[in-house]
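Student: In this note's numbering, the protein residues as written are 74 to 358.
Note that beta-carbon positions come from the ideal geometry of N, C-alpha and C, so glycine has one too.
A single structure is presented below for examination.
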């Protein structure tokens, strides 16, 4: 009798597990297909009461987005703001009515996005969404992503990694490690010396080799010593870094020492410097 009851309970347990697994699989399939069509196919009208509960809620700050119309209007910003969208569900799993989605969003910011005019920048951002299903419909979502990185990719916030890159360039230059400096330049860098510099005759220098031969080698040939001092870096939007510093040098030809204040404007992409503009203050070079 005891054996029969145990077998009966095991049978019921396996049946419930099988039922729950089937329900979860159905929820995940519905969820993935729905969002694929909404984002990748641009079918915003799939945000309706067939796929979402009437009180669909997006957990947000400072106020949650509640209801189909508000939810739809919120996500319309992504379809209006970006072109060439590619939304990928990297991984999805869950338990009962709870789903966890790891996703990637790529696109070009070519339209208005929550009031932000088009920047022309490309974004590539990862995130995670916690999902609550109810009766086979999407009932609640909460997104987690690095908004600072997202804003940096749009060029709306300074990228602190750019500061580290430029700082490394100045450190390498100070040590005389020119190969490292050149290695941190994009192959098609556009380098401009100040119009008052004697080295502006080669503007623009459009490769690391051109900068080496047209600027760095001439600095070495013309100066008994040449140092960069009091370097201060300021991150800007648009992947740019502004540097204020002093040149301290001594000309070989005349034996004259000089000091001058200068400004460097750097532009970066993918960890490489793509453009450089020098502005000279009072003094000589």
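1) Could you tell me the boundaries of the beta strand (DSSP E) in which residue 125 lies?
2) Identify whether residue 155 lies in helix, strand or coil by the three-state DSSP scheme.
3) Report all residues from its chain with a CB closer than 7 angstroms to the CB of residue 312; omit the five preceding and five following residues, and keep chain order.
4) Are residue 153 and residue 185 closer than 8 angstroms when you measure CB to CB?
5) By Cβ distance below 7 angstroms, which residues in the same chain neighbour residue 253 in space, the five residues on each side in sequence not counted?
6) Please determine if the stretch 186-204 and the stretch 264-276 are in contact, where contact requires at least 3 C-beta pairs separated by less than 8 angstroms.
7) Secondary structure at residue 103, three-state DSSP: helix, strand or coil?
8) Which whole runs of the alpha helix (DSSP H) in the stretch 172-252 are 4 residues long or more, in chain order?
9) List the DSSP bridge partners of residue 300.
10) Measure the C-alpha to C-alpha separation of residue 198 and residue 183 and round it to an integer number of angstroms.
11) In terms of alpha-carbon separation, which member of 136, 217, 148, 301 lies closest to residue 110?
12) From the DSSP output, which residues share a beta bridge with residue 340?
13) Looking at residue 318: is its Cβ nearer than 8 angstroms to the Cβ of residue 247?
14) Of the choices 213, 250, 242, whose alpha-carbon is the least far from that of residue 124?
Tutor: In short, the structure shows the following:
1) Against the chain shown, residue 125 aligns to sequence position 52. For residue 125, the enclosing beta strand (DSSP E) stretches over residues 125-132.
2) Counting from one through the chain shown, the residue named residue 155 turns up at place 82. In the structure shown, residue 155 falls within a strand segment according to DSSP collapsed to helix, strand and coil.
3) Sequence index remark: in the chain shown, residue 312 carries index 239 (1-based). Residues of the same chain with a CB within less than 7 angstroms of the CB of residue 312, apart from the 5 flanking positions on each side, are 228, 232, 235, 340, 341, 342 in chain order.
4) Here residue 153 corresponds to residue number 80 of the chain shown, with the count starting at 1. Here residue 185 corresponds to residue number 112 of the chain shown, with the count starting at 1. Taking C-beta atoms as the reference points, residue 153 and residue 185 count as a pair closer than 8 angstroms.
5) Mapped onto the chain shown, residue 253 falls at position 180. Here the set comprises 245.
6) Not touching, per the Cβ criterion.
7) Taking the first residue of the chain shown as position 1, residue 103 is located at position 30. DSSP places residue 103 within a helical segment (H, G or I) once states are collapsed to three.
8) Counting only runs of at least 4 residues, the stretch 172-252 fully encloses the following alpha helix (DSSP H) elements, listed from N- to C-terminal order: 220-226, 233-247.
9) Counted from its first residue, the chain shown places residue 300 at position 227. BP columns for residue 300 point to 321.
10) What you label residue 198 is simply residue 125 of the chain shown in a count that begins at 1. What you label residue 183 is simply residue 110 of the chain shown in a count that begins at 1. Looking at the two C-alpha atoms, the distance is approximately 16 angstroms.
11) Counting from one through the chain shown, the residue named residue 110 turns up at place 37. That would be 148, whose Cα lies nearest to the Cα of residue 110.
12) The residue you call residue 340 lines up with position 267 of the chain shown. 313, 348.
13) Locating residue 318 in the chain shown gives position 245, counting from the first residue. Locating residue 247 in the chain shown gives position 174, counting from the first residue. Contact flag unset, no.
14) The residue labelled residue 124 in the question sits at position 51 within the chain shown. The option with the nearest alpha carbon to residue 124 is 213.
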